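Enquirer: Quick note on numbering: the sequence shown equals residues 3 to 639 in our numbering.
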Amino acid sequence: MIKLLNVDLTSQKAWVEEMEALRRSYIGGVGINARLAYDLIPRGADPLGEQNVLILGVGPFVGTNIPTACRTEITAKSPLTGLLGTSSSGLYWGAQLRYAGFDHIAIFGRSSSPVYLLIKDSEVQIKDASHLWGKSTWETVQSLRRQEGEGLQVASIGKGGENKVRFASIQNNLHHAWGRTGLGGVMGSKGLKAIAVWGELPLEVYDLRETLRFAQLITKRISEDDSFGYTRRYGSMVAADPYNKLGALPGYNFTRGYLEGWEDTRGRRTFGQRYKEKDLACFACPIACTHWSRVKEGKYLGYQFHGLEITYDLEFGAKLGIDSIPEISLCVDLCDQYGLDIISTAGVISFLIECYQNGLVEQKEIGTEIDWGYVEGVRRLIEMIAYREGIGDLLAEGVRRASAKIAGSERYAMHIKGGEIPVRDPRGKWDVWSLGYLTNIRGGDHLRTRSPAEYLLGGTRNHLEEELGVSEEFIEKMDLPHRLKEEIFGRVPHKVDIPKMAKYAEEIITLINATGICIRPPVLRTFGPELFSQGLHATLGLKLSPEEVLRAAERIWNLQHLFNLREGERIESWTFPDRFYQEDAGRGALSAEKVEETLRRYFLARGWDPETTLPSSEKLQELGLVSEGGQLRDGPL
3 MIKLLNVDLT SQKAWVEEME ALRRSYIGGV GINARLAYDL IPRGADPLGE QNVLILGVGP
63 FVGTNIPTAC RTEITAKSPL TGLLGTSSSG LYWGAQLRYA GFDHIAIFGR SSSPVYLLIK
123 DSEVQIKDAS HLWGKSTWET VQSLRRQEGE GLQVASIGKG GENKVRFASI QNNLHHAWGR
183 TGLGGVMGSK GLKAIAVWGE LPLEVYDLRE TLRFAQLITK RISEDDSFGY TRRYGSMVAA
243 DPYNKLGALP GYNFTRGYLE GWEDTRGRRT FGQRYKEKDL ACFACPIACT HWSRVKEGKY
303 LGYQFHGLEI TYDLEFGAKL GIDSIPEISL CVDLCDQYGL DIISTAGVIS FLIECYQNGL
363 VEQKEIGTEI DWGYVEGVRR LIEMIAYREG IGDLLAEGVR RASAKIAGSE RYAMHIKGGE
423 IPVRDPRGKW DVWSLGYLTN IRGGDHLRTR SPAEYLLGGT RNHLEEELGV SEEFIEKMDL
483 PHRLKEEIFG RVPHKVDIPK MAKYAEEIIT LINATGICIR PPVLRTFGPE LFSQGLHATL
543 GLKLSPEEVL RAAERIWNLQ HLFNLREGER IESWTFPDRF YQEDAGRGAL SAEKVEETLR
603 RYFLARGWDP ETTLPSSEKL QELGLVSEGG QLRDGPL
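(1) So Asn174 is in the alpha helix (DSSP H); what residue range does that whole segment cover?
(2) Measuring alpha carbon to alpha carbon, tell me which residue in Tyr260, Thr70 and Met239 is nearest Gln275.
(3) With a CB to CB cut of under 6 Å and the five nearest residues on each side skipped, what residues in its chain are close to Cys291?
(4) I need the DSSP call for Asn8, collapsed to helix, strand or coil.
(5) Taking 9 Å as the threshold (C-beta atoms), are Leu316 and Pro244 in contact?
(6) If you measure from the CB of Leu526, is any heavy atom of the ligand ADP nearer than 8 Å?
(7) For Phe104, name the three-state secondary structure that DSSP assigns.
(8) On the premise that Ser326 lies in contact with Gly309, defined as a C-beta separation below 8 Å, what is that separation, rounded to the nearest angstrom?
(9) Should Phe578 be labelled buried (16 or more other beta-carbon atoms within 10 Å of its own) or exposed?
(10) Using 10 angstroms around the beta-carbon of Thr614, count the other beta-carbons present and answer buried if the total reaches 16, otherwise exposed.
(11) Please classify Met3 as buried or exposed, where buried requires at least 16 neighbouring CB atoms within 10 angstroms.
(12) Provide the residue span of the beta strand (DSSP E) that contains Gly87, from first to last.
(13) Label Phe534 either buried or exposed according to how many other C-beta atoms from any shown protein chain fall within 10 Å of its C-beta, with 16 as the threshold for buried.
(14) Classify Glu20 as helix, strand or coil using the three-state DSSP reduction.
(15) Just the Cα atoms here: how many angstroms apart are Glu630 and Ile43?
(16) Along the alpha helix (DSSP H) that carries Gln306, what are the first and last residues, could you check?
(17) Tell me the residue span of the beta strand (DSSP E) that contains Ile197.
(18) Rounding to the nearest angstrom, what Cα-Cα distance links Gly59 and Gln562 in this structure?
(19) Less than 9 Å between the C-beta atoms of Ser575 and Ala504, yes or no?
(20) So which of Ala415, Glu456, Gly445 and Gly420 has the shortest CA-CA distance to Trp435?
(21) Ordered along the chain, which non-local residues of its own chain (more than five positions away) have a Cβ less than 7 Å from that of Glu297?
(22) In this structure, how does DSSP classify Pro612 when only helix, strand and coil are distinguished?
(23) Beta-carbon separation of Cys357 and Thr70 under 9 Å?
(24) Note the first and the last residue of the continuous beta strand (DSSP E) segment covering Trp180.
(25) Looking only at its chain, what residues have a beta carbon closer than 6 Å to the beta carbon of Leu513, apart from the 5 residues adjacent to it on each side?
(26) So Gly160 packs on Thr139, CB below 8 Å; how close in whole Å?
(27) The beta strand (DSSP E) spanning Gln127 covers which residue range?
(28) My output table needs one value for His417: the three-state DSSP class, helix, strand or coil.
(29) Out of Arg568, Phe582 and Trp610, state which residue places its alpha-carbon closest to the alpha-carbon of Leu86.
(30) Work out the CA separation of Arg215 and Leu1 for me, nearest whole Å.
(31) Report the rounded CA-to-CA distance for Leu248 versus Asn464, giving the unit in angstroms.
(32) Please report the straight-line C-alpha distance between Lys15 and Thr142, rounded to a whole angstrom.
(33) May I ask you to verify whether the region 357 to 372 touches the region 334 to 346, counting CB pairs closer than 8 Å and requiring at least 3?
(34) Have a look at Ala179 and Met189 and give me their C-alpha separation to the nearest angstrom.
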């Protein structure tokens with residue numbers, strides 16, 4: 003039974019609802035979050051206003067021993083993009099929420115004074131947080147654990163969220179985060195400092211033996227996947243060197259795709275050999291893709307840090323030109339303590355550096371010395387953003403709003419739909435992932451559209467087919483219906499149809515985020531509709547065929563898109579910045595005509611009008627999203 007905890011911060015009241023009727027259509031996690039967001043957040047609501055609703059959800063796999071079943075999805079209207087804001091994070095928070103007796107939380111209203119939410123074994127308290135307001139996220143976690151219990155799992159905001167920075171993160175304990183789309187700002191606007199959970203209640207599944215067998219099967223398949231060994235060894239850093247070879251780095255605000263000396267200063271082997279000390283794992287994870295690291299010599303001798311993750315490396319190392327892993331990590335630590343999204347933070351700072359170097363702002367306006375690779379200037383700007391001090395107040399609005407205030411700066415504002423573009427340059431490697439920057443529901447983003455058959459070193463300039471570079475044996479064993487194998491892989495031998503794979507990838511990742519598992523390569527390459535069907539039966543007793551499972555994912559994706567359309571998204575925003583079409587970062591510019599052609603094919607694959615992106619009435623009826631009168635089922639469109 004799905005249990006939704008409702009919390010009204012205005013009235014300081016909480017109540018519980020059961021929502022099992024939504025399970026078959028929306029599964030859980032991001033799916034039920036999307037349904038709640040569409041129904042509960044009024045059209046045109048101010049993202050930082052009282053009408054926005056902060057929704058937290060875990061999927062039905064979370065808390066079981068199904069490998070990597072640890073993720074929690076948080077959803078609201080984004081202060082950064084004005085569209086659907088949603089973000090996923092792992093560790094132990096989600097499992098503890100289920101052990102405390104809940105699957106979803108919906109937080110309404112605004113508290114008149116700072117509060118935190120304490121949830122222990124189905125008991126819910128709204129408690130005074132005046133003593134926590136102004137503290138860093140790390141201080142908040144430590145304080146709450148001393149006060150309420152050492153095992154507490156804490157989601158909290160720092161100065162970024164308190165000051166309603168539009169890309170503020172919600173931190174998951176110390177070093178993990180719900181980073182993208184500014185959800186920390188939503189939490190801060192509600193006067194909510196933290197949500198702390200702990201539970202020891204039993205977690206029931208439909209068939210325990212079937213669930214255990216399913217978990218064993220998934221563990222075996224994940225550990226036998228070709229990507230398991232290198233993902234365990236390097237984590238996400240495995241891709242750091244290939245991206246440089248491809249010329250796909252976001253170097254110096256996407257002006258250089260290849261950086262000389264990258265592998266020796268910020269590459270995966272440099273990290274593994276010089277800094278990595280031990281592997282770390284989230285709840286129920288056999289991969290252990292993250293690490294605890296220590297500096298063993300030089301200026302930062304003895305400094306210990308979490309990671310390195312590739313996002314940190316590419317954002318602070320490539321985009322801002324910092325060529326020292328310890329200095330990259332110092333910037334990350336500061337973002338974690340203040341509660342700022344790393345991608346957007348690096349994006350607005352790289353934008354400012356280009357504005358300064360091109361004479362659009364003066365150093366006296368900035369208030370600190372800045373340059374590529376100058377870590378002291380970067381750290382000072384991070385602080386200014388968190389406190390909205392000086393020019394930090396403008397940068398805290400995000401690069402789209404900042405560029406509107408600095409005349410002539412639009413060409414340096416690297417965003418899509420208001421979301422700063424992360425980690426990789428599509429000019430260096432055009433593939434499903436690159437198309438996904440445009441098609442995903444969060445704006446400029448890299449985690450909601452990613453091919454399970456991605457070939458890191460493959461490179462092609464064709465916008466419709468991607469060179470595959472994986473064996474036919476892998477394609478044969480993919481958990482993918484035969485009709486989709488024919489559609490995706492059968493059009494051109496040894497190549498993948500990018501628009502059709504993008505649609506499929508979005509639906510598989512939607513299922514990943516609906517059930518609560520992780521997106522790391524061994525998992526993404528293992529799970530498909532058949533395995534999701536088996537897992538949903540084992541845990542919930544749901545009898546959904548593989549095709550029905552995919553249909554549920556398509557329903558969720560379309561509902562998220564409908565939310566964005568309702569909030570003003572238009573087809574004109576489905577484009578890359580001019581820089582990608584007009585400038586060469588080492589591998590040539592993109593063709594606007596070919597990108598538009600690829601998008602058109604994608605819209606047709608989705609059953610959307612290629613001129614407006616509106617889903618056809620036939621598609622909405624097929625997905626059960628409209629009633630006979632043409633209204634969106636269970637809520638107005």
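All residues carry an ideal CB built from backbone N, CA and C; glycine is no exception. As the structure is a prediction and not an experimental result, all values here were calculated from the model.
Expert: Straight from the coordinates:
(1) On the sequence shown, residue 174 is found 172 positions in, with the first residue counted as 1. It is not in any alpha helix (DSSP H) - Asn174 instead sits in the beta strand (DSSP E) that spans Ile172 to Asn174.
(2) As a first step, residue 275 is located in the sequence shown; it is residue number 273 there, counting from the start. The shortest Cα separation from Gln275 among Tyr260, Thr70 and Met239 belongs to Met239.
(3) In the sequence shown, residue 291 corresponds to position 289, counting from 1. Answer for Cys291: Thr233, Gly237 and Arg522, listed in chain order.
(4) For the purposes of this step, residue 8 is taken as residue 6 along the sequence shown, with counting starting at 1. Residue state, collapsed to three classes: strand.
(5) Residue numbering aside, residue 244 sits at position 242 when the sequence shown is read from its first letter. Residue numbering aside, residue 316 sits at position 314 when the sequence shown is read from its first letter. Judged by beta-carbon spacing, Leu316 lies beyond the 9 Å limit of Pro244, meaning their Cβ atoms are not closer than that value.
(6) Inclusion of the ligand ADP in the displayed structure is not the case, the ligand content being empty and no account of it being possible.
(7) Stepping through the sequence shown from its first residue, residue 104 is reached at position 102. Phe104: coil per DSSP, three-state reduction.
(8) Position 307 of the sequence shown holds residue 309. Position 324 of the sequence shown holds residue 326. Not quite, the Cβ-Cβ distance comes to about 14 Å (not below 8 Å), so this is no contact.
(9) As a first step, residue 578 is located in the sequence shown; it is residue number 576 there, counting from the start. Buried is the call here.
(10) By 1-based counting over the sequence shown, the position of residue 614 is 612. Exposed: under 16 other Cβ atoms inside 10 Å.
(11) Taking the sequence shown and counting its residues from 1, one reaches residue 3 at position 1. Counting Cβ neighbours within 10 Å, Met3 comes out exposed, since fewer than 16 surround it.
(12) Counting from 1 along the sequence shown, the entry for residue 87 is found at position 85. Leu86 to Ser91 is the extent of the beta strand (DSSP E) around Gly87.
(13) Mapped onto the sequence shown, residue 534 falls at position 532. That one is buried.
(14) Against the sequence shown, residue 20 aligns to sequence position 18. Assigned with DSSP and collapsed to three states, Glu20 falls in strand.
(15) Here residue 630 corresponds to residue number 628 of the sequence shown, with the count starting at 1. Here residue 43 corresponds to residue number 41 of the sequence shown, with the count starting at 1. Here the model assigns Glu630 a pLDDT of 47, short of 50, so the residue's position is not dependable, and the following value carries that caveat. Cα to Cα, Glu630 sits roughly 24 Å from Ile43.
(16) By 1-based counting over the sequence shown, the position of residue 306 is 304. Element bounds for Gln306: not the alpha helix (DSSP H) but the beta strand (DSSP E), Gln306 to His308.
(17) As a first step, residue 197 is located in the sequence shown; it is residue number 195 there, counting from the start. Segment Leu194 to Trp200, the beta strand (DSSP E) holding Ile197.
(18) Taking the first residue of the sequence shown as 1, we reach residue 59 at position 57. Taking the first residue of the sequence shown as 1, we reach residue 562 at position 560. The straight-line gap from Cα to Cα measures roughly 15 Å.
(19) Mapped onto the sequence shown, residue 575 falls at position 573. Mapped onto the sequence shown, residue 504 falls at position 502. Not a contact, by the Cβ cut-off of 9 Å.
(20) Along the sequence shown, one-based indexing puts residue 435 at 433. The shortest C-alpha separation from Trp435 is found at Glu456.
(21) Here residue 297 corresponds to residue number 295 of the sequence shown, with the count starting at 1. The amino acid occupying residue 297 in the given sequence is Val; Glu does not appear at that position. So the list reads Tyr277, Leu303, Gly304, Tyr305 and Pro328, once near-sequence residues are dropped.
(22) One-based indexing of the sequence shown puts residue 612 at position 610. In the three-state reduction of the DSSP assignment, Pro612 falls in the coil class, being assigned neither a helical nor a strand state.
(23) Position 355 of the sequence shown, counting from 1, holds the residue named residue 357. Position 68 of the sequence shown, counting from 1, holds the residue named residue 70. Contact flag unset, no.
(24) For this step, residue 180 is matched to residue 178 along the sequence shown. His178 to Trp180 is the extent of the beta strand (DSSP E) around Trp180.
(25) Sequence index remark: in the sequence shown, residue 513 carries index 511 (1-based). So the list reads Phe534 and Ala555, once near-sequence residues are dropped.
(26) For the purposes of this step, residue 160 is taken as the residue at position 158 of the sequence shown. For the purposes of this step, residue 139 is taken as the residue at position 137 of the sequence shown. Sure, about 4 Å apart at Cβ, within 8 Å.
(27) Along the sequence shown, read from residue 1 onward, the residue named residue 127 stands at position 125. Where Gln127 is concerned, the enclosing beta strand (DSSP E) starts and stops at Glu125 to Asp130.
(28) Here residue 417 refers to the residue found at position 415 when the sequence shown is read from its first residue. Three-state DSSP puts His417 in a strand.
(29) Counting from 1 along the sequence shown, the entry for residue 86 is found at position 84. For the options Arg568, Phe582 and Trp610, the alpha carbon positioned closest to that of Leu86 is the one of Arg568.
(30) No answer is possible for residue 1: the residues shown for the chain start at 3 and end at 639.
(31) Taking the sequence shown and counting its residues from 1, the one referred to as residue 248 is at position 246. Taking the sequence shown and counting its residues from 1, the one referred to as residue 464 is at position 462. Straight-line Cα distance between these residues: approximately 15 Å.
(32) Within the sequence shown, numbered from 1, the residue matching residue 15 stands at position 13. Within the sequence shown, numbered from 1, the residue matching residue 142 stands at position 140. Their backbone Cα atoms lie some 24 Å apart in a straight line.
(33) Contact between the region 357 to 372 and the region 334 to 346 is not established, with fewer than three Cβ pairs separated by less than 8 Å.
(34) Locating residue 179 in the sequence shown gives position 177, where the first residue counts as 1. Locating residue 189 in the sequence shown gives position 187, where the first residue counts as 1. Cα to Cα, Ala179 sits roughly 14 Å from Met189.
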